[in-house]
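Q: Following this message is one structure expressed as structure tokens.
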Amino acid sequence: MSNLDRHPAPTLCGGRNDVLARPVRELLPAKDVPLGESTVVRRLLPSMGRRMVGAWCFVDHYGPDDIAEEPGMQVPPHPHIGIQTVSWLHDGEVLHRDSLGSRQTLRPGELGLMTSGRGIAHSEESPREHAPLLHGAQLWVALPEAHRHTAPVWEHHAELPRVTGGGGLAATVLMGELDGASSPATAFTPIVGVDITLAAGASARLPVDPDFEYAALTMSGEAEVDGVRLAPGTMLYLGCGRTELPLRADADSAFMLLGGEPFEERIVMWWNFVARAQAEIEQARGDWMAGTRFGGVEGYDGAPLPAPGLPPVPLKPRGRVR
Ligand code: MN
Numbered sequence: 000m001s002n003l004d005r006h007p008a009p010t011l012c013g014g015r016n017d018v019l020a021r022p023v024r025e026l027l028p029a030k031d032v033p034l035g036e037s038t039v040v041r042r043l044l045p046s047m048g049r050r051m052v053g054a055w056c057f058v059d060h061y062g063p064d065d066i067a068e069e070p071g072m073q074v075p076p077h078p079h080i081g082i083q084t085v086s087w088l089h090d091g092e093v094l095h096r097d098s099l100g101s102r103q104t105l106r107p108g109e110l111g112l113m114t115s116g117r118g119i120a121h122s123e124e125s126p127r128e129h130a131p132l133l134h135g136a137q138l139w140v141a142l143p144e145a146h147r148h149t150a151p152v153w154e155h156h157a158e159l160p161r162v163t164g165g166g167g168l169a170a171t172v173l174m175g176e177l178d179g180a181s182s183p184a185t186a187f188t189p190i191v192g193v194d195i196t197l198a199a200g201a202s203a204r205l206p207v208d209p210d211f212e213y214a215a216l217t218m219s220g221e222a223e224v225d226g227v228r229l230a231p232g233t234m235l236y237l238g239c240g241r242t243e244l245p246l247r248a249d250a251d252s253a254f255m256l257l258g259g260e261p262f263e264e265r266i267v268m269w270w271n272f273v274a275r276a277q278a279e280i281e282q283a284r285g286d287w288m289a290g291t292r293f294g295g296v297e298g299y300d301g302a303p304l305p306a307p308g309l310p311p312v313p314l315k316p317r318g319r320v321r
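Counting from 0, one number per residue, gives the positions in the sequence shown under numbering that gives the first Met the number 0.
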């Protein structure tokens, strides 16, 4: 999915300044954002309180929405640079098409990972015949300097490693590694993304990396993460410095654990682009509007998304920040 905002504001993120080296419990409420005509998503990152968690720089949670009588998700072709998009479903399906010629229907438990590198375009839509419920998360991972101009790649991972713990915990590893189980997905920074379900009455301690910062995103139910009950649609920032994470749940619950080494580089986000300076954003916008660089998306029934106008205040180029 994507930023469909007609007046997106530039966001500066990254660097060490915002990273909390110690364990914390910082609740980040969601902001409702319309996505197209029929969908509202809850945006957790970037937010007023926090811009990144490791290299994770964009987090939307959507649904569960009843789309039985609706077209569902309809996101026309649009471009990306400088990120990987991570698509993850709990209910329903999404048909992905991109300018590499990929055409893939994603289903719950399958990872759609699109490395945009220097540029790719894609569309996402509920197939005409679809399940009544749509529920998932759309996440972006910032690419580090050494890899952000790489060639675009689409990956579909239907088989992902699972970790089960005594006490009713089951985890699927989307990105990175958890308790010795490694995802086959390509990652460019030390990062982890895990989908965790807790059965009613579950109690577990999850091993985590003290050098990573973490956040937990509720998907369903109200899991308790480090003693904090997570209402649906909230994210809990956890900081760094933990070796394990206490989890429990009174009722069946699911959440995503996102983490990674703090992202040292300063980045500029605007619309669907992540770069390092204003000129790059302007260039990417111009290339999209001119129909160059990104390529076309075959088969989507509708026009590509035009880029919004650049904001009147120039995007600030990044400073060199530790
Ligand atoms: Mn997108």
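No residue lacks a Cβ here, since even glycine has one placed at the ideal position from N, Cα and C.
Since we're looking at a predicted model, the values are computed, not measured.
Pull up the distance between the alpha-carbon of valine 140 and that of proline 78, whole angstroms please.
A: As a position in the sequence shown, residue 140 is number 141, starting the count at 1. As a position in the sequence shown, residue 78 is number 79, starting the count at 1. Going from the Cα of valine 140 to the Cα of proline 78 covers about 15 Å.
Q: Which word fits threonine 291, buried or exposed, when buried means at least 16 other C-beta atoms lie within 10 angstroms of its C-beta?
A: As a position in the sequence shown, residue 291 is number 292, starting the count at 1. The residue in question, threonine 291, is exposed, as its Cβ has fewer than 16 Cβ neighbours within 10 Å.
Q: What is the DSSP secondary structure of isoleucine 66, reduced to helix, strand or coil?
A: What you label residue 66 is simply residue 67 of the sequence shown in a count that begins at 1. Three-state DSSP puts isoleucine 66 in coil, outside helix and strand.
Q: Exposed or buried, what is threonine 163 when buried is set at 16 or more other beta-carbons lying within 10 Å of its beta-carbon?
A: Along the sequence shown, read from residue 1 onward, the residue named residue 163 stands at position 164. So threonine 163 ends up on the exposed side.
Q: From what residue to what residue does the alpha helix (DSSP H) around glycine 285 run?
A: Locating residue 285 in the sequence shown gives position 286, where the first residue counts as 1. Run containing glycine 285: 277-289, per the alpha helix (DSSP H) assignment.
Q: Between glutamate 123 and alanine 157, what straight-line distance do the alpha-carbon atoms span, to the nearest angstrom?
A: As a working mapping, residue 123 is identified with position 124 in the sequence shown. As a working mapping, residue 157 is identified with position 158 in the sequence shown. Spanning the two alpha carbons is a distance of roughly 18 Å.
Q: Report yes if the C-beta distance between proline 76 and arginine 96 is below 9 Å; otherwise report no.
A: As a position in the sequence shown, residue 76 is number 77, starting the count at 1. As a position in the sequence shown, residue 96 is number 97, starting the count at 1. Yes; because the gap between Cβ atoms is below 9 Å, this pair is in contact.
Q: Check each candidate in Gly166, Trp153, Asp194 and Gly165 and name the one with the smallest Cα separation from leucine 173.
A: In the sequence shown, residue 173 corresponds to position 174, counting from 1. The option with the nearest alpha carbon to leucine 173 is Asp194.
Q: Hey, is threonine 38 close to the ligand MN, as in C-beta under 8 Å from one of its heavy atoms?
A: Locating residue 38 in the sequence shown gives position 39, where the first residue counts as 1. Threonine 38 Cβ: outside cutoff for every heavy atom of the ligand MN.
Q: Between the Cα of serine 219 and those of His60, Gln277, Met47 and Gly35, spot the shortest distance and give me the residue it belongs to.
A: Position 220 of the sequence shown, counted from the first residue, corresponds to residue 219. Nearest option by C-alpha distance: His60.
Q: Run the CB neighbour count on valine 320, radius 10 Å, all protein chains shown included, and call it buried at 16 or more, exposed below.
A: For this step, residue 320 is matched to residue 321 along the sequence shown. Residue placement at valine 320 is poorly supported in this model, since its pLDDT is 38, which falls under 50; the coordinates still yield a value, given next. Classification of valine 320: exposed, given that the 10 Å Cβ count is below 16.
Q: Tell me which same chain residues have a C-beta within less than 8 Å of the C-beta of arginine 228, skipping the five on either side of it?
A: Here residue 228 refers to the residue found at position 229 when the sequence shown is read from its first residue. Glu221 and Ala222, listed in sequence order.
Q: Is it true that the region 105-120 meets the region 147-156, where meeting means three or more beta-carbon pairs spaced less than 8 Å apart?
A: yes
Q: Using the rule of at least 16 other Cβ atoms within 10 Å of the residue's Cβ for burial, across every protein chain shown, is arginine 247 buried or exposed?
A: For the purposes of this step, residue 247 is taken as the residue at position 248 of the sequence shown. Answer is buried; the Cβ neighbour count reaches 16.
Q: Taking 8 Å as the cut-off, is the CB of histidine 148 close to at least one heavy atom of the ligand MN?
A: Looking up residue 148 in the sequence shown gives position 149. No, the Cβ of histidine 148 stays beyond 8 Å of every heavy atom of the ligand MN.
Q: Would you say asparagine 16 touches the ligand MN, meaning its beta carbon is less than 8 Å from a heavy atom?
A: As a position in the sequence shown, residue 16 is number 17, starting the count at 1. Answer for asparagine 16: no, Cβ out of range of the ligand MN.
Q: Over what stretch of residues does the beta strand (DSSP E) that includes threonine 233 continue unbroken?
A: By 1-based counting over the sequence shown, the position of residue 233 is 234. Counting along the chain, the beta strand (DSSP E) containing threonine 233 begins and ends at 233-238.
Q: Would you mind working out which of Ala130, Thr242 and Glu154 sits nearest serine 182, comparing C-alpha positions?
A: As a first step, residue 182 is located in the sequence shown; it is residue number 183 there, counting from the start. When Ala130, Thr242 and Glu154 are compared, the shortest CA-CA separation from serine 182 is found for Glu154.
Q: Could you name the residues of the same chain whose beta carbon sits closer than 6 Å to that of cysteine 239, not counting the 5 residues immediately before and after it, in chain order?
A: Indexing the sequence shown from 1 puts residue 239 at position 240. Excluding residues within five positions, the ones whose Cβ falls inside 6 Å are Ala20 and Glu212.
Q: Check whether the Cβ of glycine 89 sits closer than 8 Å to any heavy atom of the ligand MN, and report yes or no.
A: Sequence index remark: in the sequence shown, residue 89 carries index 90 (1-based). Just to set this straight, residue 89 is histidine in the shown sequence, not glycine. False, no ligand heavy atom lies under 8 Å from that Cβ.
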